[in-house]
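Enquirer: In this text, residue positions in the sequence shown follow this note's numbering: the first is 253, and each later residue adds one. Below you'll find the structure I mean.
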Amino acid sequence: MTETRDDAWKRLALHPDPTLAELFDADDGRLSKLSSRIELAEGGILFDWSKTHLTDGLLGDFEKLAEAADFAGMRARLFAGEVVNPTENRAAEHSALRGVGKATSVEEADALRARMLAMVDAIHDGALGEVRHLIHVGIGGSALGPALAVDALAREDAKVDVHVVSNIDGVALEEAFAACDPATTLIAVASKTFTTIETMTNAQSALTWLSESGVDDPGGRVIALTAAPEKAVEWGVDETRVLPFAESVGGRYSLWSSIGFPIAVAIGSAGFLEMLDGAARMDEHFRDTDGRANLPLRAAFADLFYSRIRGAQTRAVFAYDERLRMLPDYLQQLEMESNGKSVTVDGEPSGPTAPITWGGVGTDAQHAVFQLLHQGTHLVPIDFIASIEAGDALDPAHHRILLMNCFAQGAALMAGKTSDDPARFYPGNRPSATILADDIDPATFGALIAFYEHRTFAAAVLLDINPFDQFGVELGKEIAKKIERGGESFDPSTEALLKVAGLGE
Ligand code: F6P
Numbered sequence: 253m254t255e256t257r258d259d260a261w262k263r264l265a266l267h268p269d270p271t272l273a274e275l276f277d278a279d280d281g282r283l284s285k286l287s288s289r290i291e292l293a294e295g296g297i298l299f300d301w302s303k304t305h306l307t308d309g310l311l312g313d314f315e316k317l318a319e320a321a322d323f324a325g326m327r328a329r330l331f332a333g334e335v336v337n338p339t340e341n342r343a344a345e346h347s348a349l350r351g352v353g354k355a356t357s358v359e360e361a362d363a364l365r366a367r368m369l370a371m372v373d374a375i376h377d378g379a380l381g382e383v384r385h386l387i388h389v390g391i392g393g394s395a396l397g398p399a400l401a402v403d404a405l406a407r408e409d410a411k412v413d414v415h416v417v418s419n420i421d422g423v424a425l426e427e428a429f430a431a432c433d434p435a436t437t438l439i440a441v442a443s444k445t446f447t448t449i450e451t452m453t454n455a456q457s458a459l460t461w462l463s464e465s466g467v468d469d470p471g472g473r474v475i476a477l478t479a480a481p482e483k484a485v486e487w488g489v490d491e492t493r494v495l496p497f498a499e500s501v502g503g504r505y506s507l508w509s510s511i512g513f514p515i516a517v518a519i520g521s522a523g524f525l526e527m528l529d530g531a532a533r534m535d536e537h538f539r540d541t542d543g544r545a546n547l548p549l550r551a552a553f554a555d556l557f558y559s560r561i562r563g564a565q566t567r568a569v570f571a572y573d574e575r576l577r578m579l580p581d582y583l584q585q586l587e588m589e590s591n592g593k594s595v596t597v598d599g600e601p602s603g604p605t606a607p608i609t610w611g612g613v614g615t616d617a618q619h620a621v622f623q624l625l626h627q628g629t630h631l632v633p634i635d636f637i638a639s640i641e642a643g644d645a646l647d648p649a650h651h652r653i654l655l656m657n658c659f660a661q662g663a664a665l666m667a668g669k670t671s672d673d674p675a676r677f678y679p680g681n682r683p684s685a686t687i688l689a690d691d692i693d694p695a696t697f698g699a700l701i702a703f704y705e706h707r708t709f710a711a712a713v714l715l716d717i718n719p720f721d722q723f724g725v726e727l728g729k730e731i732a733k734k735i736e737r738g739g740e741s742f743d744p745s746t747e748a749l750l751k752v753a754g755l756g757e
């Protein structure tokens with residue numbers, strides 16, 4: 253008889269509960285089973301999941317869950333460009349942007365990328381005059397990926413100084429204006445739909461800034477990055493400066509498309525292509541590897557073990573690398589907008605889905621939030637991310653201390669420490685995973701982000717939820733519109749707030 257998802261979950265809940273120390277003691281081969289490297293064109297990344305509670309038995313039962321969930325079939329549909337987002341009747345073709353996917357989609361992505369990179373190269377060659385700054389306006393997936401990538405990869409020798417502005421709060425845009433010379437600034441308007449109120453308002457204000465600063469032809473300084481090119485043209489962007497991408501690319505998966513224009517502007521076309529290549533290597537690994545050896549799938553097994561079986565409500569990510577300081581913000585959208593759902597694909601209650609993703613930068617976070625991680629009452633599985641190669645050129649002591657602290661935290665969380673004094677007692681047995689890249693370069697960065705994308709997808713398949721829609725963000729937008737239109741009444745608290753702020757009738 254074929255096993256159902258329910259049977260698999262029931263069996264997973266019955267496993268014994270050894271400590272991490274017991275797991276290491278019981279199995280000499282634990283490290284080699286749960287710590288593996290992916291090799292890229294140059295360098296690679298080590299993924300060490302040995303300090304999680306995954307066991308051979310759990311992995312076997314999670315593999316059965318994957319079978320019951322038709323993980324292989326769903327993955328094949330993802331890469332074949334079939335509909336995997338049933339509520340919106342769409343494919344999710346971010347991997348095609350990296351050259352891995354349905355042939356026609358890869359071909360289309362190649363052509364659109366060639367067009368974008370031609371524009372980038374032309375800018376670098378001076379075709380638009382002197383360009384020293386780029387203000388990129390976008391929000392959510394149209395901002396977080398570019399902001400993270402530029403911050404991670406364009407610290408030294410950035411070809412152009414990029415400012416990503418997302419918030420509708422004008423303070424954010426004013427900060428960018430203060431840092432840029434209008435005569436040498438381009439404006440990129442990034443919006444999949446080209447309707448998002450924050451982005452369109454910021455774009456309009458950026459245009460006004462250029463024109464009030466005496467820039468000739470401000471409209472000629474605007475480049476649109478969108479899946480709705482006709483709307484960009486309608487808004488006033490010349491067709492030659494509209495860089496489209498496919499509708500089948502989701503917003504939070506779009507940094508590989510023309511939404512990544514500021515990345516290529518900052519690091520150059522060659523670096524952008526290396527980033528795609530790194531991601532493609534992870535795509536191939538995810539597509540071609542079965543069971544526990546599949547790194548994103550194995551990570552999803554651990555994620556679901558903690559969230560579904562052990563009841564963890566949060567998951568933390570600490571980048572022990574300043575270059576990746578924006579990673580937790582990026583992952584919050586990727587994981588929470590994708591898997592923060594409460595119904596299955598068939599509309600039934602799903603049970604617990606994505607935990608809350610949060611995190612920060614090491615070592616800063618050690619001196620702020622790690623108290624709770626070591627001695628608090630919450631179970632918080634952690635990802636530590638670090639790079640062997642330093643991002644700085646200072647005394648190597650900096651990087652050595654950074655890495656030693658990263659590894660010390662994982663060791664301390666696992667080992668704990670006994671004490672007769674309850675206040676000084678560390679329970680230990682607290683799980684963490686460590687991702688150790690050789691360096692943070694475009695290829696390792698691409699592979700790392702693709703790893704998280706596939707991990708999110710794998711978790712969704714096992715949970716039987718749709719990771720590619722986000723209807724939960726709509727209601728607030730609708731109510732904001734109603735408030736703007738006026739004539740509607742709301743709950744007494746909201747009415748009173750509107751009145752006090754001078755927005756009500
Ligand atoms: O409101 C959420 C959302 O739709 C995200 O999914 C998306 O990344 C963001 O808004 C921005 O949307 P757009 O790129 O269409 O402006």
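For each residue, glycine too, the CB sits at the ideal point set by N, CA and C. Every value quoted in this text rests on a predicted model; they were computed, and no experiment measured them.
1) Report the CB separation of ILE438 from LEU386 in whole angstroms; it is logged as a contact under 8 Å.
2) Give the secondary structure of VAL372 by DSSP, where H, G and I count as helix, E and B as strand, and everything else as coil.
3) Sort GLY530, ILE717 and THR307 by Cα distance to ALA278 and report the nearest one.
4) Would you say LYS316 touches the ligand F6P, meaning its beta carbon is less than 7 Å from a heavy atom?
5) Would you mind sorting GLU587 into buried or exposed? The rule is 16 or more other CB atoms within 10 Å of its CB.
6) Measure the CB-CB distance between ASN718 and THR339 and report whether it falls below 8 Å.
7) Whose C-beta lies closer than 6 Å to the C-beta of GLY353 among residues of the same chain, with five residues either side of it excluded?
8) What do you reckon, is the C-beta of GLU587 under 7 Å from a heavy atom of the ligand F6P?
9) When you compare the CB positions of VAL414 and HIS388, do they come within less than 8 Å of one another, or not?
10) Does DSSP put ALA685 in a helix, a strand or coil?
11) Which parts of the segment 632-675 are runs of the alpha helix (DSSP H), unbroken and 4 residues or longer, counting only runs that do not cross its ends?
12) For the ligand F6P, any of its heavy atoms closer than 7 Å to the Cβ of ARG504?
13) Could you tell me whether the segment 545-558 touches the segment 610-624, using the rule of 3 or more Cβ pairs below 8 Å?
14) Given a threshold of 16 other Cβ atoms within 10 Å of its Cβ, counted over all protein chains shown, does ASN591 qualify as buried or as exposed?
15) Whole angstroms is fine: what's the gap from LEU750's alpha carbon to GLY756's?
16) Following a CB-centred definition, is SER500 positioned closer than 7 Å to any heavy atom of the ligand F6P?
17) With distances taken Cα to Cα, identify the nearest neighbour of TRP610 among ARG560, VAL569 and HIS650.
18) May I ask you to check if the CB of LYS444 is nearer than 7 Å to at least one heavy atom of the ligand F6P?
19) Determine the burial state of PHE723: buried for a count of at least 16 other Cβ atoms within 10 Å of its Cβ, exposed for fewer.
20) List the DSSP bridge partners of PRO470.
21) Name the two residues that bound the continuous alpha helix (DSSP H) containing GLY381.
22) Would you say the segment 631-644 touches the segment 566-585, given that touching needs at least three Cβ pairs under 8 Å?
23) With a threshold of 7 Å (Cβ to nearest heavy atom), would GLY738 be considered close to the ligand F6P?
24) So for SER287, helix, strand or coil by DSSP?
25) Have a look at the DSSP bridge pairing and note the partners of ALA442.
26) Given this structure, state the Cα-to-Cα distance separating GLY471 from ALA374, to the nearest angstrom.
27) Assess, as a yes-or-no matter, whether the segment 438-453 is touched by the segment 475-494 under the definition of 3 or more beta carbon pairs within less than 8 Å.
28) Could you check the C-alpha separation between ALA476 and PHE429 for me, to the nearest Å?
29) I need the straight-line Cα distance from LEU349 to GLY668, nearest angstrom please.
30) Please classify ASP300: does DSSP put it in a helix, a strand, or coil?
31) In three-state DSSP terms, what is PRO268?
32) Can you list, in chain order, the stretches of the beta strand (DSSP E) that have 3 or more residues and sit fully within the segment 544-623?
33) For GLU450, collect the residues of the same chain with a Cβ closer than 8 Å to its Cβ; drop the 5 residues on either side in sequence, then sort them by chain order.
34) In three-state DSSP terms, what is PRO514?
35) What residues match up with ILE387 in a beta bridge as DSSP calls it?
36) What is the DSSP secondary structure of ASN454, counted as helix, strand or coil?
Expert: Let's see:
1) As written in the sequence, residue 438 is Leu, which differs from the Ile given in the question. About 5 Å separates the Cβ atoms of LEU438 and LEU386, confirming a contact at the 8 Å cut-off.
2) VAL372: helix per DSSP, three-state reduction.
3) Nearest C-alpha to ALA278: THR307.
4) No; taking the cut-off as 7 Å, the Cβ of LYS316 has no heavy atom of the ligand F6P nearer than that.
5) Under the 10 Å beta carbon count, GLU587 is surrounded by 16 or more other beta carbons and is classified as buried.
6) Cβ atoms of ASN718 and THR339: closer than 8 Å.
7) Cβ neighbours of GLY353 beyond the five flanking positions: PHE331, GLY333, GLU345 and SER347.
8) Answer for GLU587: no, Cβ out of range of the ligand F6P.
9) Yes, the Cβ-Cβ distance between VAL414 and HIS388 is below 8 Å.
10) Three-state result, ALA685: strand.
11) Whole alpha helix (DSSP H) segments, 4+ residues: 649-667.
12) Yes.
13) The answer is no - the segment 610-624 does not touch the segment 545-558, with fewer than three Cβ pairs under 8 Å.
14) Burial call: buried.
15) In a straight line, the C-alpha of LEU750 is about 5 Å away from that of GLY756.
16) No, since every heavy atom of the ligand F6P falls outside the 7 Å radius drawn around the Cβ of SER500.
17) When each option's Cα is compared against that of TRP610, the closest is VAL569.
18) Under cutoff, so the answer is yes.
19) Label assigned to PHE723: exposed.
20) Paired residue(s): none; PRO470 is not in a bridge.
21) Where GLY381 is concerned, there is no enclosing alpha helix (DSSP H), because DSSP gives it neither an H nor an E.
22) A contact exists between the segment 631-644 and the segment 566-585.
23) The closest heavy atom of the ligand F6P lies 7 Å or more from the beta carbon of GLY738.
24) In the structure shown, SER287 sits in a strand (DSSP, three-state: E or B).
25) Residue pairing by DSSP puts ALA442 in a beta bridge opposite LEU477.
26) Rounded to whole angstroms, GLY471 to ALA374 spans 18 Å at the Cα level.
27) Contact between the segment 475-494 and the segment 438-453 is present, because at least three Cβ pairs lie under 8 Å.
28) Spanning the two alpha carbons is a distance of roughly 19 Å.
29) Cα to Cα, LEU349 sits roughly 45 Å from GLY668.
30) In the three-state reduction of the DSSP assignment, ASP300 falls in the strand class.
31) Residue state for PRO268 is assigned as coil, using DSSP reduced to three classes.
32) The segment 544-623 contains, as complete beta strand (DSSP E) runs of 3+ residues, the segments 566-571 and 608-613 (chain order).
33) Only ILE391, SER418, ASN419 and ILE420 meet the Cβ criterion.
34) Correct three-state label for PRO514: helix.
35) Its beta-bridge partners are HIS415 and ILE439.
36) Under the three-state reduction of DSSP output, ASN454 falls in the helix class.
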